[in-house]
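Colleague: Quick note, the sequence shown lines up with residues -26 to -1, 1 to 215 if you use mature numbering (1 follows the signal peptide of the UniProt record, and there is no 0).
Sharing a structure, written as structure tokens. Questions coming.
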Amino acid sequence: MFIMDMRLVASLGLVLLMELVGDTTSSKQTKGEPLNVRIATVLPQDPTRLFSIGRVRPALEIAIADVNRDILRPRGKLSVEYGDSQCSEMHGMNEAINFYMSDMVDVFFGPVCDFSLAPVARQLSFWNIPMITVGGLARAFRKERNITYPMLTRASTANFHTLTQFFETVSDVFKWKKLKILYEKDGQDNVLIGLCHLTIEAVYYGLEDEGFKVDYFKLPDNQSSTTFKSILTEQVGNKYA
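The following block contains the structure:
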């Protein structure tokens, strides 16, 4: 089921891709020559990551085969190569540079991890190469999309802005104007590095922008139930109850 869902998403993404790369690749094509689009997919090799190469590759390659057979041929074809981002700023950027310097890329798929994605997405405006990702969840990717990330297309169905809107709606229903956020700085790092921190940052500033009074407290590592009770008493208490 996961492969079928990913295959559908990938197929839709590939159709979008042809629109995105049409202008950026036209200078490389001779008139009448087939349009061959080279996809550089930069994702973590680590199989524990949600969007690892091993998880995404089967669906992506099935989708590419479908699009090549049913839509593109004989006018062109898609091909894909993979690079290991390691969910790292350094390694993600290094893979992107290697693809670019080797003239092996017309469009990037990923990175997905936000800290790996950001430097690559900033660079792409100088290379005039588009990127499609289901990452880019952090607030900055929305706030600065036209200036800092003009070549980035975020294909995820949700992001931290929609989460902020959820809290705003709930707070409006219950007439809440003061909110206290308790969070773990490294929480859910197994999904995306910095996920919890980036989530809270977006919610905090997003609610502040809407006039809410928001405070936060970073939970200590390995807190016990007793510690957590005292934290609720001291940090929440009657003030936020």
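The beta carbon of each residue, even a glycine, is placed where N, CA and C say it ideally should be.
Here the structure is a predicted model, which is why all the values come from computation and not from measurement.
(1) S90: which of S145, M64, T131, Q19 sits nearest, CA to CA?
(2) What residue does the alpha helix (DSSP H) around T138 start on, and which one ends it?
(3) Quick check: what's the CA-CA separation for G50 versus T15?
(4) To the nearest angstrom, report how far apart C87 and C61 are at their CA atoms.
(5) Is S59 buried or exposed, if buried means 16 or more other CB atoms sit within 10 Å of its CB?
(6) For G66, report the span of its alpha helix (DSSP H) as first-last.
(7) Would you call residue 269 buried or exposed, if buried means 16 or more other Cβ atoms sit within 10 Å of its Cβ?
(8) Beta-carbon within less than 7 Å of L181's beta-carbon, same chain only, minus the 5 sequence neighbours each way: which residues are those?
(9) When the Cα atoms are used, what is the spatial distance from G57 to E69?
(10) Closest by CA to F191, which one among G185, Y178, T127?
(11) Check each candidate in N164, L46, A129, T131 and name the one with the smallest Cα separation from E7.
(12) Taking all protein chains shown into account, decide if T107 is buried (16 or more other Cβ within 10 angstroms of its Cβ) or exposed.
(13) So what does DSSP say about M(-26), is it helix, strand or coil?
(14) Among residues of its own chain, excluding the 5 on either side of residue 220, which ones have a beta-carbon nearer than 6 Å to its beta-carbon?
(15) Which value, in whole angstroms, describes the spacing of the CA atoms of N196 and D163?
Modeller: Quick answer:
(1) M64
(2) 134 to 147
(3) 19 Å
(4) For C87 and C61, the distance between alpha carbons rounds to 5 Å.
(5) buried
(6) 63 to 75
(7) Nothing can be reported for residue 269, as the shown portion of the chain is limited to -26 through 215.
(8) Here the set comprises T138, F141, E142, L153, V188.
(9) Each residue's Cα considered, the two are about 6 Å apart.
(10) It is Y178 whose Cα lies nearest to the Cα of F191.
(11) L46
(12) buried
(13) In this prediction, M(-26) scores a pLDDT of 42, lower than 50, which makes its location untrustworthy; the coordinate-derived value is nonetheless stated afterwards. Reduced to three states, the DSSP call for M(-26) is coil.
(14) Because the chain in this structure spans residues -26 to 215, residue 220 falls outside the shown range and cannot be described.
(15) 15 Å
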